[in-house]
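Colleague: Residue numbers (my numbering): 4 to 1032.
1. Could you pull the DSSP bridge partners for residue 903 from this structure?
2. Helix, strand or coil for residue 559? Go by DSSP, reduced to three states.
3. Please name the residue, chosen from 759, 871, 782 and 937, that lies closest to residue 419 on a Cα-to-Cα basis.
4. Could you give the DSSP three-state label for residue 973: helix, strand or coil?
5. Decide if residue 762 is buried, meaning its Cβ has at least 16 other Cβ atoms within 10 Å, or exposed.
6. Under a three-way DSSP split, which group does residue 688 fall into?
7. Any chance the region 912-925 sits against the region 884-893, with 3 or more Cβ pairs inside 8 Å?
8. For residue 928 and residue 303, what's the separation of their Cα atoms in angstroms?
9. Report buried or exposed for residue 406, applying the criterion of at least 16 other Cβ atoms within 10 angstroms of its Cβ.
10. Report yes if the CB atom of residue 575 is closer than 8 Å to the CB atom of residue 459, and no otherwise.
11. Compute the Euclidean distance between the alpha carbons of residue 449 and residue 488, then round it to the nearest angstrom.
12. Beta strand (DSSP E) containing residue 443: first to last residue?
13. Look at the alpha carbon of residue 330 and the alpha carbon of residue 765, and state the distance between them as a whole number of angstroms.
14. Relative to the C-alpha of residue 381, which candidate in 410, 422 and 358 has its C-alpha closest?
15. What's the C-alpha gap between residue 363 and residue 377?
16. DSSP on residue 335, reduced to helix/strand/coil?
17. Quick one, which of 297, 340 and 305 has its alpha-carbon nearest residue 813's?
18. In whole angstroms, what is the alpha-carbon distance linking residue 964 and residue 1007?
19. Write down the C-beta distance between residue 694 and residue 732 rounded to the nearest angstrom, noting that I regard them as a contact closer than 8 Å.
20. So what does DSSP say about residue 493, is it helix, strand or coil?
21. Could you work out which residue in 979, 507, 804 and 871 is closest to residue 1025 when comparing CA atoms only?
22. Closest to residue 306 by C-alpha separation, out of 290, 775 and 718, would be which residue?
23. For residue 365, count neighbouring C-beta atoms within 10 Å of its own C-beta (all shown protein chains included) and say buried if the count is 16 or more, exposed if not.
24. Measure the C-alpha to C-alpha separation of residue 632 and residue 293 and round it to an integer number of angstroms.
25. In this structure, does DSSP put residue 670 in helix, strand or coil?
26. Which of the three DSSP states is assigned to residue 880 in this structure?
27. Below 7 Å CB to CB, which residues in the same chain sit around residue 298 once its five sequence neighbours on both sides are set aside?
28. Go ahead and pull the three-state DSSP assignment for residue 488.
29. Would you identify the three-state DSSP class for residue 862, choosing helix, strand or coil?
30. When DSSP labels each residue in this structure, what does residue 676 get in the three-state scheme?
31. Pairs of beta-carbons, one from the region 740-755 and one from the region 312-331, closer than 8 Å: are there three or more?
32. Alpha carbon to alpha carbon, how far is residue 585 from residue 640? Give it in angstroms, no decimals.
33. Compare the Cα-Cα distances from residue 754 to each of 491, 685 and 898 and report the closest residue.
34. Going by beta-carbon coordinates alone, are residue 790 and residue 864 separated by less than 8 Å?
35. Rounded to whole angstroms, how far is the Cβ of residue 829 from the Cβ of residue 881, which I believe are closer than 8 Å?
36. If you follow the beta strand (DSSP E) that residue 1025 is in, where does it begin and where does it stop?
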């Protein structure tokens, strides 16, 4: 979370196993900005929006002003005083002040706008010293998490632990509230890039293949990259700039011909990036006030990096690794001028249909920065390779000379590690400090009267019985159970017993384990006892009148039980814990749910759950929370147990197995996925980047153990992560930069594995190139995480202001710095055309909306989703997709596994797109709504819904009947296909005009005006007013 309130890194930079002694809400000053990696003695004051004369400093310590409210705050070395306020940002045409917010400390005091057709500077020799000062010690990705001691960092990235950036957004309640912020810093946002070429398939997922517009970018201190990238089969190759179908040489392996390529030779190919040679589609000028149909007919595709074909063919799939900017600015000053955020979005443990796995006693890594060898390194000859992150020259081990795929010797550049941007290694013994842990599962079940009344216990026990044999694991898998109300109940499942034994601990102030050796048992050896317990549990508590909940003591007992081995704790909770350690009091005021300004109690009420989570993280224990309740449970406090232990949060409001069957169906489907999906134990992840780039501020569920090492006691395939970045050193002599995420984990089968993803992106020198390569969806997702941090550390209104200002600043930067001819209207590049729409969608999202009745727990859960969900699933929750269903055809349909999947056009989220004679499907990510118009075509009602008339349509219909008609087959195939795109199960709600759910359906009509929010067109008018100032 943000540096104020929660630590945005989910823990402090220093290592502590037992958590901070202070309340985490008070650990950090509230005025520290969002993107604030520390820079010694450097305060990034922000220049004003109006031109101001240069001054020695625009930071006046004598002025008493509120804390800054911006999205893009440059790293601070020390927390700023709450009495200090940076100045505002000048227009893009005004040079930044010497000590301005957007001025990088290592840059000259001003940065002239680069020429539109500015050629790249000639490569200069790379610095001799490596990026990091690590030595050739044993590999640092080790199984070190079982000890609370600090984990030594892999490299000397001392500044990787930063605080989160500040957001500043104007709340769109009325036109007046959208007026210019009086003393608010203005945020910055990025656009999206050109539409990528068609997708092809590769071993690690789909990727875009772009015909080579320019040759492979060259390294910094050497004239060209390895032979493998040059496609030079023999010395007679006429031109090193010619793209080729095969990335590697067909000559004898001992020939490493690398023709020198000068900057003059490079400039013709690099010119394709510049506006004067050709205007890319991404920079086509769009007047948002005149063009309404901006949505593409299908899914929004990520921009394709402007790389040569051979590089792009090898690049990491955007489904796994994406950057907000697919063209990296050369300097921080250029990035500041573009006013676009730089960050990465990762889905590192995603389920992949094909994943190359390498078993080798030698894992080749850079001796300096510990980067894993990857497709973007340079082979100087057969025996030496140059790291693409720190540029150190390393020796090629003898074993690496043999290619197990082709069974040939002497061609290291053809090894799988150098042919795949996503690859997995079976780790040798030096990556372990203890034997790999077994799969351990502990279930903690609320059995109070309130819990039993909901009926959830029957669903959980039956689901476990059905999937007990499908739990990931091997012959060592262990399982255990704890139930609780006002006391704690352990279960002895030791082999040899005729039936399970319940052991009750009533002293909740000092929880102890009654029989430590028989509470966690081998699943295979004691399966019958486990099954007996699951069958009897629902009946054991069916008559209970105990209403209290001692969740805190139950979690303490679980920690004591699992701390020797580590594992996964699954907690099922139905009410506010009221007794014992960690007890909470109701904080929500229902009368304030529709508050038009700030929302209170978004931060935790106690630090108990965060401290316990840090203890769990140090012992390789992750806690997943299932909250099933119709009443307030203080998810803001309870959620900390999962957030800092790398767990997951599931929330089912108003859950009741009989009164709310749709929630029950969703819970059953989610639980089956949860129990059977793959899992990684005792994991750590580190993200490395090319020298000159720096990572700060992480988003997701984890604990930062040492500057940039993320501790993940459990890792699952449905978890996403995000990081923010800055440019510490100029990239003037580089043409490409690389990012590498390495995840070390123990599989459920007890194997130590390392999954590595590597992404390569070009470096550019002009603002137009930066805009053309921006990824609008990645930017929106990163801003959403930043806004969540800002809501907790400052206020919801600050976060809303920052989101709006982000859209204003990005469009202002484009109009003043990229456009050469000013025109009337609200102008945006084609790559940014959806950005204002996405910002408005965030402002109307349950996490940030004001003026509408929203339960506090539902708001907090929406914020958790924005921080945790991978990008593909997140965007549907922010901006749902709307389709017309009553006129489906096979035109343009997909053919998948002998199934025909219709592809209807995506419609704008506006009531004007609905009609009473049609049927419309809204895909909201976690739910599907099929709205049936009152005058819907009778043939659709008959052939798809199985009813003769609109009146005969049931009120709570949840499933489509399987009818033997072409229309029924089409719509069911399309809905099934949508569900297959995500790991969770979206429930289908079939609604009519009188349905209660119609209000939820209409709330997602983002482009329409509501009582408390502007319409899309009104929002555009507000943006135009601010941009034209």
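Note that the Cβ used here is the ideal one computed from N, Cα and C, for glycine as well.
Modeller: This is what the structure gives:
1. Counting from 1 along the chain shown, the entry for residue 903 is found at position 900. Paired residues: 898.
2. For the purposes of this step, residue 559 is taken as residue 556 along the chain shown, with counting starting at 1. It is helical.
3. Taking the first residue of the chain shown as 1, we reach residue 419 at position 416. Among 759, 871, 782 and 937, the Cα nearest to that of residue 419 is on 759.
4. Translated into the one-based positions of the chain shown, residue 973 becomes position 970. In this structure, residue 973 counts as helix in the three-state DSSP scheme.
5. Residue 762 sits at position 759 when you count from the first residue of the chain shown. The residue in question, residue 762, is buried, as its Cβ has 16 or more Cβ neighbours within 10 Å.
6. Residue numbering aside, residue 688 sits at position 685 when the chain shown is read from its first letter. If DSSP states are grouped into helix, strand and coil, residue 688 belongs with the strands.
7. The region 912-925 vs the region 884-893: in contact.
8. Counting from one through the chain shown, the residue named residue 928 turns up at place 925. Counting from one through the chain shown, the residue named residue 303 turns up at place 300. In this structure, the straight-line span from the alpha carbon of residue 928 to that of residue 303 is close to 15 Å.
9. The residue given as residue 406 occupies position 403 in the chain shown. Residue 406 should be labelled buried.
10. Start at 1 with the first residue of the chain shown, and residue 575 comes out as number 572. Start at 1 with the first residue of the chain shown, and residue 459 comes out as number 456. Their beta carbons are under 8 Å apart, which means residue 575 touches residue 459 by this criterion.
11. The residue given as residue 449 occupies position 446 in the chain shown. The residue given as residue 488 occupies position 485 in the chain shown. Straight-line Cα distance between these residues: approximately 6 Å.
12. Within the chain shown, the letter at position 440 stands for residue 443. Going by DSSP, residue 443 is part of the beta strand (DSSP E) stretching over 443-449.
13. On the chain shown, position 327 is the one that residue 330 refers to. On the chain shown, position 762 is the one that residue 765 refers to. Between the C-alpha atoms of residue 330 and residue 765 there is a straight-line separation of about 5 Å.
14. Taking the chain shown and counting its residues from 1, one reaches residue 381 at position 378. Nearest option by C-alpha distance: 422.
15. Numbered from 1 along the chain shown, position 360 holds the residue referred to as residue 363. Numbered from 1 along the chain shown, position 374 holds the residue referred to as residue 377. Between the alpha carbons of residue 363 and residue 377 lies a distance of about 15 Å.
16. Here residue 335 refers to the residue found at position 332 of the chain shown. In the structure shown, residue 335 sits in a helix (DSSP, three-state: H, G or I).
17. Position 810 of the chain shown holds residue 813. When only C-alpha atoms are compared, the closest one is 340.
18. Position 961 of the chain shown, counted from the first residue, corresponds to residue 964. Position 1004 of the chain shown, counted from the first residue, corresponds to residue 1007. It is roughly 26 Å from the alpha-carbon of residue 964 to the alpha-carbon of residue 1007.
19. Taking the first residue of the chain shown as position 1, residue 694 is located at position 691. Taking the first residue of the chain shown as position 1, residue 732 is located at position 729. Confirmed, about 7 Å.
20. Locating residue 493 in the chain shown gives position 490, where the first residue counts as 1. Note: residue 493 maps to strand in three-state DSSP.
21. Position 1022 of the chain shown, counting from 1, holds the residue named residue 1025. Restricting attention to 979, 507, 804 and 871, the CA atom closest to the CA of residue 1025 is found in 804.
22. Numbered from 1 along the chain shown, position 303 holds the residue referred to as residue 306. If you compare the alpha carbons of 290, 775 and 718 with that of residue 306, the shortest gap goes to 775.
23. In the chain shown, the residue the question calls residue 365 occupies position 362. The residue is exposed, with fewer than 16 neighbouring Cβ atoms inside 10 Å.
24. Residue mapping note: residue 632 aligns to position 629 of the chain shown, counting from 1. Residue mapping note: residue 293 aligns to position 290 of the chain shown, counting from 1. Residue 632 and residue 293: Cα-Cα distance of roughly 46 Å.
25. Along the chain shown, one-based indexing puts residue 670 at 667. Residue state for residue 670 is assigned as helix, using DSSP reduced to three classes.
26. Translated into positions along the chain shown, residue 880 becomes position 877. The answer is helix: DSSP assigns residue 880 an H, G or I state.
27. Taking the first residue of the chain shown as position 1, residue 298 is located at position 295. The residues are 909 and 911.
28. Locating residue 488 in the chain shown gives position 485, counting from the first residue. In the structure shown, the three-state DSSP call for residue 488 is coil.
29. Taking the first residue of the chain shown as position 1, residue 862 is located at position 859. When DSSP states are grouped into helix, strand and coil, residue 862 belongs to the helix group.
30. In the chain shown, the residue the question calls residue 676 occupies position 673. In the structure shown, residue 676 sits in a helix (DSSP, three-state: H, G or I).
31. Enough Cβ pairs lie closer than 8 Å, so yes.
32. Position 637 of the chain shown, counted from the first residue, corresponds to residue 640. Position 582 of the chain shown, counted from the first residue, corresponds to residue 585. Taking C-alpha positions only, residue 640 is separated from residue 585 by approximately 9 Å.
33. Locating residue 754 in the chain shown gives position 751, where the first residue counts as 1. When only C-alpha atoms are compared, the closest one is 685.
34. Locating residue 790 in the chain shown gives position 787, counting from the first residue. Locating residue 864 in the chain shown gives position 861, counting from the first residue. Not closer than 8 Å, so no.
35. Here residue 829 corresponds to residue number 826 of the chain shown, with the count starting at 1. Here residue 881 corresponds to residue number 878 of the chain shown, with the count starting at 1. Contact check for residue 829 and residue 881: beta-carbon distance about 21 Å, past the 8 Å limit, so the pair fails to qualify.
36. The count along the chain shown starts at 1 and reaches residue 1025 at position 1022. It is not in any beta strand (DSSP E) - residue 1025 instead sits in the alpha helix (DSSP H) that spans 1019-1030.
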